[in-house]
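**Q** First the structure, which I've put down as structure tokens, then a few questions once you've had a look.
Numbering (full-length UniProt numbering), first residue to last: 1 to 406.
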């Protein structure tokens, strides 16, 4: 049997509003709000060049149940481009764009097959091979039923059998559980490939046969970090080859910046710039959160001299000058850094007070020891050298105690 080749994508979330992204300049905010459309366009352009046998889109094409007219037009135009070169597309709707939503209908071109609210089989021939594709669309937003029970067991093993399922593993509480299934239930259907959707983290649940979440096309917030995209799959009866294709217009990332050896603001700016430029080169435009690590004594003292808002403002001004933009959403001084800064500031304050004491003030501080009736016979007369030794010991003890408090 010859192999077949197809694209597996899911969770496009076209027209996602990107709520909560405050502070972005207007042109950057516009680029972010357009990013789901840009990622979709990247998918279409890749398909036009790659010319797969067909495309699978497994749910949540739109971000909301009341699909905007603009989002539908963008999607329609993408499908029409695929139609011009004869690429079939099979789509299901998920919990975000379920069939009970209210929207102005946009008809789709003839190459698009939309699964309805019941599990159905769609058939096509690829390279003289029969391919059966099974799927369903959500009738309403909340589907708690185990729809997997309605998928038929594969019959003719000389054909290819592919399941499309927008849902989640039963018992997995890290995400809203809809259309729950177990891996055993999927395997019992004897399909050659399971094309999953709903979970935005790219992952493979099983290798042979592949049970795959491609993740979403475009990250939408800090918890959807990293490169997003889709899979191009080459499938045969002896195995499968999956190639991840990036599509993100903007990547969300959390980045650590080592502050080892830093004692001046320009050194810190250079360290941050080097790190984010590496990500800019790799991913293009990014929205990042920076966490300071390896903070020594001098760096902690440096950070304590200005507020996080001031450090953030200075860093943003130094980075926002290129077409592929890096937007620093947040700077985090982790607990260790904050403790180090507090320790540094407090210790320096106390040591500054101690350094300013006169000999008379030192004697006043130490009078309880030197005037003790039983202990005085063991002590020599307090000298300037003794005061210096006591001062050094007090500084070491104070620093050690403060570090223990962290």
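Even glycine gets a Cβ: it sits at the ideal position worked out from N, Cα and C.
1. Would you kindly report the start and end of the unbroken alpha helix (DSSP H) that includes residue 36?
2. Can you tell me which of the three DSSP states residue 126 falls into?
3. Considering only their Cβ atoms, is the gap separating residue 289 from residue 316 smaller than 7 Å?
4. Report the start-end ranges of each alpha helix (DSSP H) in the region 152-221 that is 4 residues or longer and not cut off at the edges.
5. For the alpha helix (DSSP H) containing residue 356, list its first residue and its last residue.
6. Within the continuous beta strand (DSSP E) that includes residue 286, where are the two ends?
7. If you count every other CB in all the chains shown that lies within 10 Å of the CB of residue 106, and 16 or more means buried, which is it?
8. Roughly how many whole angstroms lie between the Cα atoms of residue 259 and residue 197?
9. Would you tell me roughly how many angstroms separate the C-alpha atoms of residue 391 and residue 296, rounded to the nearest one?
10. Does the beta-carbon of residue 79 have 16 or more other beta-carbons within 10 angstroms, so that it is buried, or is it exposed?
11. For residue 268, I'd like the list of residues in its chain whose CB is within less than 6 Å of its CB, leaving aside the five on either flank, ordered along the chain.
12. By how many angstroms is the C-alpha of residue 94 removed from the C-alpha of residue 176?
13. Does DSSP classify residue 102 as helix, strand or coil?
14. Sorted by chain position, which residues of the same chain lie with C-beta nearer than 6 Å to residue 16's C-beta, five sequence neighbours on each side aside?
15. Check whether the region 271-282 touches the region 295-310, counting contact only when three or more Cβ pairs, one atom from each stretch, lie closer than 8 Å.
16. Do the region 16-32 and the region 68-79 meet, that is, are 3 or more Cβ pairs less than 8 Å apart?
17. By how many angstroms is the C-alpha of residue 276 removed from the C-alpha of residue 250?
18. Enumerate in chain order the residues of its own chain whose CB-to-CB distance from residue 210 is below 6 Å, with the five nearest sequence positions on each side excluded.
19. Are the C-beta atoms of residue 100 and some chain B residue less than 7 Å apart?
20. Unbroken beta strand (DSSP E) runs of length 3 or more, entirely within the region 245-327: which are they?
21. Any idea if residue 232 is buried or exposed, counting beta-carbon neighbours within 10 angstroms, 16 or more meaning buried?
22. Select from 82, 109, 139, 133 the residue whose C-alpha is nearest the C-alpha of residue 102.
23. Could you tell me how far apart the beta carbons of residue 244 and residue 222 are, in whole angstroms, since I believe they sit closer than 8 Å?
24. Are the CB atoms of residue 208 and residue 3 within a distance shorter than 7 Å?
25. Would you decide whether residue 9 is buried or exposed? Buried here means 16 or more other CB atoms lie within 10 Å of its CB.
26. How would you label residue 309, buried or exposed, when you count the other beta carbons within 10 angstroms and need 16 or more for buried?
27. Quick check on residue 60: buried or exposed, where buried means 16 or more other Cβ atoms within 10 Å of its Cβ?
28. Expressed to the nearest angstrom, what Euclidean distance is found between the alpha-carbon atoms of residue 328 and residue 46?
29. Starting from residue 70 and walking both ways along the alpha helix (DSSP H), at which residues does that stretch end?
30. Just to confirm, is the Cβ distance from residue 229 to residue 204 under 7 Å?
31. How about residue 146 and residue 109: do their beta carbons lie closer than 7 Å?
32. If you reduce the DSSP assignment to three classes, tell me which class residue 363 lands in.
33. I need the straight-line Cα distance from residue 56 to residue 90, nearest angstrom please.
34. Buried or exposed for residue 200, please, with buried defined as at least 16 other CB atoms from any protein chain shown within 10 angstroms of its CB.
35. Which two residues bound the contiguous beta strand (DSSP E) that contains residue 236?
36. How about residue 164 and residue 122: are their beta carbons less than 7 Å apart?
**A** According to the structure shown:
1. Segment 35-50, the alpha helix (DSSP H) holding residue 36.
2. Looking at residue 126 - three-state DSSP - the assignment turns out to be strand.
3. Cβ atoms of residue 316 and residue 289: not closer than 7 Å.
4. If one requires a minimum length of 4 residues, the alpha helix (DSSP H) runs lying completely within the region 152-221 are 183-187, in chain order.
5. Premise fails: residue 356 is in no alpha helix (DSSP H) and is neither H nor E.
6. Annotation: the continuous beta strand (DSSP E) that includes residue 286 extends over 286-293.
7. By the 10 Å Cβ count, residue 106 comes out exposed.
8. If I take the Cα positions, the gap works out to 40 Å.
9. Distance between the alpha carbons of residue 391 and residue 296 is about 23 Å.
10. Residue 79 is classed as buried because its beta carbon has at least 16 other beta carbons within 10 Å across all chains shown.
11. Correct list, in chain order: 262.
12. Their Cα atoms are separated by approximately 12 Å.
13. Of the three classes helix, strand and coil, the one that applies to residue 102 here is coil, per DSSP.
14. Taken in chain order, the residues that qualify are 36, 63, 220.
15. With a cut-off of 8 Å, the region 295-310 and the region 271-282 do not count as touching, because too few Cβ pairs lie within range.
16. Segments in contact, no.
17. Roughly 14 Å between the two C-alpha positions.
18. Contacts found: 193, 240.
19. Considering every chain present, this structure includes no chain B. It has just one protein chain.
20. As far as the region 245-327 is concerned, its whole beta strand (DSSP E) runs of at least 3 residues are 251-258, 286-293.
21. Result: buried.
22. Taking each of 82, 109, 139, 133 in turn and checking the Cα distance to residue 102, the smallest one comes out for 139.
23. Cβ atoms of residue 244 and residue 222 stay farther apart than 8 Å, at about 22 Å.
24. Cβ distance not < 7 Å, so residue 3 and residue 208 don't count as in contact.
25. Within 10 angstroms of the beta-carbon of residue 9 lie 16 or more other beta-carbons, which makes it buried.
26. In the assembly as shown, residue 309 is an exposed residue. Its beta-carbon has fewer than 16 other beta-carbons within 10 Å.
27. By the Cβ-count criterion, residue 60 is buried, with 16 or more other Cβ atoms from all chains shown falling within 10 Å of its own Cβ.
28. Residue 328 and residue 46 have their alpha carbons spaced roughly 30 Å apart.
29. From DSSP, the alpha helix (DSSP H) with residue 70 extends over 69-84.
30. Their beta carbons are not under 7 Å apart, which means residue 229 does not touch residue 204 by this criterion.
31. In this structure, residue 146 keeps its C-beta atom at 7 Å or more from the C-beta atom of residue 109.
32. Helix at residue 363.
33. Spanning the two alpha carbons is a distance of roughly 5 Å.
34. With 16 or more Cβ atoms within 10 Å of its Cβ, residue 200 is classed as buried.
35. Run containing residue 236: 229-236, per the beta strand (DSSP E) assignment.
36. Cβ atoms of residue 164 and residue 122: not closer than 7 Å.
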